[in-house]
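Engineer:
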Amino acid sequence: MKKILALLVASTALTTAIGVPAWSAMQAPGDGVRGQISALMERTGDSLPIVLASDDDDDDDHDGYRASGRYGHDDDDDDDCDDDDGDDDCRGSAANPAPAGTVAPPQNGLFGSGAAPQVRTN
Amino acid sequence: MKSLLATLALTTALTVPGLASARPVTLTTTLANYGGPGAYLALYVTDSSGAYVGSLWMAGGKSRYYEHLRDWYRATGGDTAQINGITGASVGSGRTLEISLDLSDALFDAGYTLHIDAAAEDMRDSPNEVAVPLTRAGAGTPVGGRRYIASFTYAM
């Protein structure tokens, strides 16, 4: 009985002597490769943004409509070229004409004077 | 005194032909109830050989749609300088556009033709929707269009 008790005490002491330093080494922050991986895993759960990459430009021009002689909005999400915003983002395309009343009519020989046309819509 | 009279006579002689060479003209375009969004209209003039002379009015302010006014665009290359100062809003279905212009008298009875190209969003283009010879006798006579324009009249 004494012999069994001595063996148990010896194995417990041995386990404690080997296991406690090993456990301490695993928990040490930033210590070695395991520490770095652990740090990365913790950061991903934190605040890394999700970035979706796609080659689809989401431009749904209906070329069939255009081919058949219709005009319409292209359903792209790019509003940089929207003329309603009053800015001049469309560097590559022709500028919109000056509205009536802001400049004189063109001198094309059709107009008898430089008077601006009067327009009414009912 | 004589020099003053001479000056008055000269200025009168120079002014009267100028007044006589221009006349107020009203262009009235009534759109059909085609049931779509506002139509773009290009009103322009060709000479007796069919060559483009100039534009009278553009209804619709976004140049990116002008290619759908096909005959006008072909003649001008979409040059917006042709319509600076004579551009307004597009015209809604069933509405009437009335434009009062001071036009050169030489346009009438001289072989000139007034054309209207029309287009509406997601609908078919309609080049040369209206083509009406500019004559004094034709003033006040309504002319029908093919697709978007119910009637067009010019009055002097």
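Chains as they are written, first to last, in my numbering: chain A, 2 to 123; chain B, 887 to 1042.
Glycine included, each C-beta is placed from N, C-alpha and C at the ideal position.
All values reported here derive from a predicted model rather than from experimental measurement.
(1) Pull out every residue of the region 995 to 1007 of chain B whose Cβ sits closer than 7 angstroms to any Cβ of chain A, in chain order.
(2) Tell me whether Gly1026(B) is buried or exposed, calling it buried when 16 or more other Cβ atoms sit within 10 Å of its Cβ.
(3) Where does the unbroken alpha helix (DSSP H) through Tyr959(B) begin, and where does it stop?
(4) To be precise: take each residue of the region 952 to 975 of chain B, compare its Cβ to all Cβ atoms of chain A, and keep it if any distance is under 9 angstroms. Which residues remain?
(5) Any idea what DSSP makes of Arg1022(B), helix, strand or coil?
(6) Can you list, in chain order, the residues of its chain whose CB lies under 7 angstroms from that of Phe112(A), leaving out five sequence neighbours each side?
(7) Mind checking Ser847(B): buried by the 16 CB within 10 Å criterion, or exposed?
(8) Report yes if the C-beta distance between Val977(B) and His1001(B) is below 8 angstroms; otherwise report no.
(9) To the nearest angstrom, how far is the alpha carbon of Tyr1034(B) from that of Ser1012(B)?
(10) Is the shortest distance between the beta-carbon of Leu989(B) and the beta-carbons of chain A less than 8 angstroms?
(11) List the residues that DSSP assigns as beta-bridge partners of Gln119(A).
(12) Is there a Cβ from chain A that is less than 8 angstroms from the Cβ of Thr1021(B)?
(13) Could you tell me whether any Cβ in chain A is nearer than 8 angstroms to the Cβ of Val1018(B)?
(14) Do we get a CB-CB distance below 8 angstroms when we pair Glu1015(B) with the residues of chain A?
(15) In three-state terms, what does DSSP make of Asp1003(B)?
(16) Within 8 angstroms (strictly less), CB to CB, does Gly909(B) reach chain A?
(17) What's the C-alpha gap between Ala961(B) and Ala928(B)?
(18) Compute the distance between the beta-carbons of Gly964(B) and Tyr952(B), then report whether it is under 8 angstroms.
(19) So, with DSSP's three-state summary, where would you put Ser949(B)?
(20) Based on DSSP bridge pairs, tell me the residues matched to Ile972(B).
(21) Could you tell me the distance, in whole angstroms, from the CA atom of Lys948(B) to the CA atom of Leu955(B)?
(22) Counting only runs that start and end within the region 903 to 937 of chain B, where is the beta strand (DSSP E) found for 3 or more residues in a row?
(23) What does Thr982(B) touch in chain A if you count any residue whose Cβ is under 9 angstroms from its own?
(24) Just how far apart, CA to CA, sit Thr912(B) and Gly1031(B)?
(25) Cβ atoms of Asp1003(B) and Arg1022(B): under 8 angstroms apart, would you say?
(26) Within 10 angstroms of its Cβ, does Leu8(A) collect 16 or more other Cβ (buried), or is it exposed?
Structural biologist: From the atom records:
(1) If you check each beta-carbon in the region 995 to 1007 of chain B against every beta-carbon of chain A, the ones closer than 7 angstroms belong to Ala1005 and Glu1007.
(2) Here Gly1026(B) is exposed. Its C-beta has fewer than 16 other C-beta atoms within 10 Å.
(3) Arg956 to Thr962 is the extent of the alpha helix (DSSP H) around Tyr959(B).
(4) Taking 9 angstroms as the cut-off between beta carbons, the residues of the region 952 to 975 of chain B near chain A are Tyr952, Glu953, His954, Arg956, Gly964, Asp965, Thr966, Ala967, Gln968, Ile969, Asn970, Gly971, Ile972, Thr973, Gly974 and Ala975, in sequence order.
(5) In the displayed model, Arg1022(B) falls within coil according to three-state DSSP, outside both helix and strand.
(6) In its chain, beyond the 5 residues on either side, Pro106 have a beta carbon closer than 7 angstroms to the beta carbon of Phe112(A).
(7) Limits of chain B in this structure are 887 at one end and 1042 at the other, which puts residue 847(B) out of reach.
(8) Not in contact: Val977(B) and His1001(B) (Cβ atoms no closer than 8 angstroms).
(9) Distance between the alpha carbons of Tyr1034(B) and Ser1012(B): 8 angstroms.
(10) By this cut-off, Leu989(B) is an interface position.
(11) DSSP links Gln119(A) through a beta bridge to Ser986(B).
(12) Not an interface residue.
(13) Under the 8 angstroms criterion on CB atoms, Val1018(B) is classed as non-interfacial with respect to chain A.
(14) It does not: the Cβ of Glu1015(B) has no partner Cβ on chain A nearer than 8 angstroms.
(15) Three-state result, Asp1003(B): strand.
(16) Here the sequence assigns Arg to residue 909(B), which means Gly is not the residue at that position. At a cut-off of 8 angstroms, the C-beta of Arg909(B) has a neighbouring C-beta in chain A.
(17) The alpha-carbon atoms of Ala961(B) and Ala928(B) are separated by roughly 12 angstroms.
(18) Closer than 8 angstroms, so yes.
(19) In the three-state scheme derived from DSSP, where H, G and I count as helix and E and B as strand, Ser949(B) is classed as helix.
(20) The partner list for Ile972(B) (beta bridge, DSSP) is empty, contrary to what the question assumes.
(21) Computed Cα separation, rounded: 12 angstroms.
(22) Runs of the beta strand (DSSP E) inside the region 903 to 937 of chain B: 908 to 917 and 925 to 932.
(23) What Thr982(B) touches in chain A: Arg121, Thr122 and Asn123.
(24) So the alpha carbons of these two residues sit roughly 18 angstroms apart.
(25) No, Cβ-Cβ distance for Arg1022(B) and Asp1003(B) is not below 8 angstroms.
(26) Its Cβ having fewer than 16 others within 10 Å, Leu8(A) is exposed.
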